[in-house]
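Under the numbering used here, the residues of the sequence shown are numbered 709 to 895, in order.
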Amino acid sequence: RDLRMSRGLGDVYKRQIIGGSGKGGEMMEEKSLLWQYGADILTAPGMDAERRIMQHGQTSCFAHSVAVAYVSLLLARRLHLHLDERSLVRGALLHDYFLYDWHVPDASHRLHGFRHARRALENARQEFDLNPVEMDVILKHMFPLNLTPPACRESAVVCCADKICAVLEVAAAFCPLIRVPGSAAAH
């Protein structure tokens, strides 16, 4: 029963992420790579929790993580960077895998901006086999707030994509002209 249910949910999530083909299938490859490299992550129970947790403005932690993975791929390809796309996607999907609502006052997640990367890494390591690049992506995505800089190109790209997505998500909460896919305001 659980296996059938998870496969069904996987199909739903895949359609949500890949969606329609857009204009002539533009950017379909990047969207399908999210599923190809991260299907196990996207269908993990922790991602259901991420769907319920708001990250920035009206954007869920899940939508933010998917957006960061997508923008990371776009940046890497537009800049013609040669890197490990699988690790890029997987690290991006897990970069905010802290699994708590940081908006709710609680001593366990004080100083969220400084501490959540380590918490996300701890949670991700419990559920997934991570390689060193994926671990670096998760741990270093908050540079320069966290002072240790990224050690690999994949981490630097995700760090930049995270900032781009966060700015757009927060701006969308204040400006109705900005629509962020996956945010509550976009529906």
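Here a beta-carbon is modelled for each residue, glycine too, at the ideal position from N, C-alpha and C.
Exercise. What's the C-alpha gap between Asp844 and Ile872?
Worked result: 19 angstroms
Exercise. So, helix, strand or coil for Met850, using DSSP?
Worked result: coil
For this session: Enumerate in chain order the residues of its own chain whose CB-to-CB distance from Met850 is below 6 angstroms, with the five nearest sequence positions on each side excluded.
Result: Ala825
For this session: Compare the Cα-Cα distances from Ala777 to each of Gln763, Met762 and Ser795 and report the closest residue.
Result: Residue nearest to Ala777 within the set Gln763, Met762 and Ser795 is Ser795 (criterion: CA-CA distance).
Problem set entry | Cβ-Cβ distance between Leu787 and Val797 below 8 angstroms | The beta carbons of Leu787 and Val797 sit no closer together than 8 angstroms.
Problem set entry | Own chain, CB closer than 6 angstroms to Ser773, minus 5 neighbours either side, in chain order | Leu801 and Asp804
For this session: Go through its chain and collect everything with a Cβ distance to Glu734's Cβ below 6 angstroms, but skip five positions before and after it.
Result: Because Glu734 sits at a pLDDT of 47, beneath the cut-off of 50, its placement in the model cannot be relied upon, and the following sentence gives the value as read from the coordinates. For Glu734, where only same-chain residues beyond five positions count, there are no Cβ hits under 6 angstroms.
For this session: Would you decide whether Val841 is buried or exposed? Buried here means 16 or more other CB atoms lie within 10 Å of its CB.
Result: buried
For this session: For Pro857, collect the residues of the same chain with a Cβ closer than 6 angstroms to its Cβ; drop the 5 residues on either side in sequence, then sort them by chain order.
Result: Phe851
Exercise. What whole-angstrom Cβ distance do Arg759 and Phe770 have, given they're in contact under 8 angstroms?
Worked result: 4 angstroms
Exercise. Which runs of the alpha helix (DSSP H) fall wholly inside the segment 766-809 and span at least 4 residues, in chain order?
Worked result: Taking only runs of at least 4 residues, the alpha helix (DSSP H) segments lying wholly in the segment 766-809 are 769-786 and 793-802.
Exercise. The alpha helix (DSSP H) spanning Cys867 covers which residue range?
Worked result: Arg861 to Phe882
For this session: Tell me Met762's beta-bridge partners as DSSP assigns them.
Result: Ser768
For this session: Check Asn831 in the structure and name its three-state DSSP category.
Result: helix
Problem set entry | Spatial distance of His790 from Ala879 (CA atoms) | 31 angstroms
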